[in-house]
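S.K.:
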Amino acid sequence: MTYQYIIFTDLDGTLLDHHTYSFAAALPTLAKLDKNGIPVIANTSKTYAELVELRQQLKLDMPFIVENGAAVYIPEGFYPHQPSDTVAKNGFWVKEFSPPIKHWLELIDSVKDGFEGEFTHFSEMSTEQICAATGLSEQDAKLAATREYCEPVLWTGSEQSKTLFTQAIEELGASPLRGGRFLHVTGDCNKGHALEWMAASYQKHHPEYKCRSIALGDGHNDIAMLEKADLAVRILSPTSPPPPLQRQEGVTTSTGYGPVGWAECIEKIVFS
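This note's numbering puts the first residue of the sequence shown at 6, with every later residue one more than the last.
#1: Taking all protein chains shown into account, do 16 or more other C-beta atoms lie within 10 angstroms of the C-beta of G266, making it buried, or fewer, making it exposed?
#2: Looking only at C-alpha atoms, which of R152, R186, T151, V190 sits nearest to I170?
#3: What number of angstroms, rounded off, separates the C-alpha of T260 from the C-alpha of E269?
#4: I need the boundaries of the alpha helix (DSSP H) containing S206, first residue and last residue.
#5: Going by other Cβ atoms of all chains shown within 10 Å of its Cβ, with 16 needed for buried, is K196 buried or exposed?
#6: Can you find at least 3 beta carbon pairs, one from the region 236 to 244 and one from the region 25 to 39, that sit closer than 8 Å?
#7: Pull up the CB-CB distance for S180 and L200, whole angstroms please, since I reckon it's below 8 Å.
#8: Does the separation of the CB atoms of T52 and D15 fall below 7 Å?
#9: Starting from Y53, follow the alpha helix (DSSP H) in both directions and report where the run begins and ends.
#10: Tell me the DSSP bridge mates of Q9?
#11: Kindly give me the distance between the Cβ atoms of R152 and I106, rounded to whole angstroms, as I take these residues to be in contact under 8 Å.
#12: Per DSSP, what are the beta-bridge partners of I105 in this structure?
#13: Taking DSSP as the reference, what is the three-state secondary structure of N226?
#14: Let's see if you can read the secondary structure: which residues bound the beta strand (DSSP E) around S259?
#15: What residue ranges within the region 116 to 162 form continuous beta strand (DSSP E) runs of no fewer than 3 residues, ordered along the chain?
#16: P249: which of E133, S277, A138, M230 sits nearest, CA to CA?
#17: Compare the C-alpha of A54 against each of N41, V71, M67, D66 and name the closest.
#18: Check each candidate in L188, G119, G122, A150 and name the one with the smallest Cα separation from Q134.
#19: Quick one, which of E123, K273, I12, Y78 has its alpha-carbon nearest S166's?
#20: Sort T168, F97, F127 by Cα distance to F83 and report the nearest one.
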């Protein structure tokens, strides 16, 4: 039986440069993947609004996963029939794994008094503050603030207080994820669960192939995805060590940073 790779990729710090958000170094490899019919599925902390614009720049017309696994967006018509456990929205079939953003904002509000002055979060930050914290342009910062399932918290207090905050919101039902810059307050969802669902969905609709998943990421919020994929690729970061994994087999670590390392590893695994 023929193997079919499915690539699940983090964006910030992985396919996109950590500092400049450029993906130029990966463009030739992306073009080769497209030519060979190999799906590249973004699996990111970014929002639906960000992905709608970014996927045009990347020339990716594949499904994508937003807000750290909170929802999978499949373009209508990608399969012959809509998957039964999805809802139709904005031209996509959407599989949701998390309650909406309103729930998490109310939860954060309920614990805020115990941590006054020690954090802020996206819904309370101005566009200028989001720009300063992320390095995004004003337009991109506005898109990043358009969240549906997950609220990024920017911690400014002590690590001890951050631990207590994390414990407090976990007791209220949240499953916080530590990303490259933010603590993401969301539900019992992660990039790994979303990868499993999407890979199984793709395999179901393509029984002629034996599908093999490749996951690429650089941060702690990528660990679940890297653990679940058939092959895990850790992309070197200029700001932090590679994410620690329990698995020992099927793990590659890039020698280059960001999109340079991304292209390096995909070329080696898929095309060598």
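Idealized CB from N, CA, C, for every residue including glycine.
M.R.: This is what the structure holds:
#1: For the purposes of this step, residue 266 is taken as the residue at position 261 of the sequence shown. Buried, since its Cβ has 16 or more Cβ neighbours within 10 Å.
#2: Numbered from its first residue, the sequence shown carries residue 170 at position 165. The question names Ile, but residue 170 in the sequence shown is Phe. Closest by alpha carbon: V190.
#3: For this step, residue 260 is matched to residue 255 along the sequence shown. For this step, residue 269 is matched to residue 264 along the sequence shown. Taking the straight line from one Cα to the other gives about 8 Å.
#4: Working through the sequence shown from its first residue, we reach residue 206 at position 201. S206 -> alpha helix (DSSP H) spans 196 to 210.
#5: Locating residue 196 in the sequence shown gives position 191, counting from the first residue. Answer is buried; the Cβ neighbour count reaches 16.
#6: Output reads no: the region 25 to 39 does not touch the region 236 to 244.
#7: As a first step, residue 180 is located in the sequence shown; it is residue number 175 there, counting from the start. As a first step, residue 200 is located in the sequence shown; it is residue number 195 there, counting from the start. Contact doesn't hold; Cβ gap of about 16 Å is too wide.
#8: Taking the sequence shown and counting its residues from 1, the one referred to as residue 52 is at position 47. Taking the sequence shown and counting its residues from 1, the one referred to as residue 15 is at position 10. Cβ distance not < 7 Å, so T52 and D15 don't count as in contact.
#9: Within the sequence shown, residue 53 is the residue found at index 48, counting from 1. Residues 53 to 63.
#10: Residue numbering aside, residue 9 sits at position 4 when the sequence shown is read from its first letter. For Q9, which the question treats as bridged, DSSP gives the partners C216.
#11: Sequence index remark: in the sequence shown, residue 152 carries index 147 (1-based). Sequence index remark: in the sequence shown, residue 106 carries index 101 (1-based). R152 to I106, Cβ: 5 Å. Contact.
#12: Walking along the sequence shown from the start, residue 105 turns up at place 100. Just to set this straight, residue 105 is Pro in the shown sequence, not Ile. According to DSSP, which records beta bridges pairwise, P105 is partnered with nothing at all.
#13: Within the sequence shown, residue 226 is the residue found at index 221, counting from 1. DSSP places N226 in helix when its eight states are reduced to three.
#14: Your numbering for residue 259 matches position 254 in the sequence shown. Taken as a continuous stretch (DSSP letters only), the beta strand (DSSP E) holding S259 covers 256 to 262.
#15: 124 to 126, 156 to 160
#16: For this step, residue 249 is matched to residue 244 along the sequence shown. Comparing Cα positions, the closest option is M230.
#17: What you label residue 54 is simply residue 49 of the sequence shown in a count that begins at 1. Measuring from the Cα of A54, the nearest candidate turns out to be V71.
#18: To locate residue 134, count along the sequence shown from 1; it is residue 129. In terms of Cα proximity to Q134, the closest of L188, G119, G122, A150 is A150.
#19: The sequence position of residue 166 within the sequence shown is 161, counting from 1. It is E123 whose Cα lies nearest to the Cα of S166.
#20: Here residue 83 refers to the residue found at position 78 when the sequence shown is read from its first residue. If we check each option's Cα against that of F83, F97 comes out closest.
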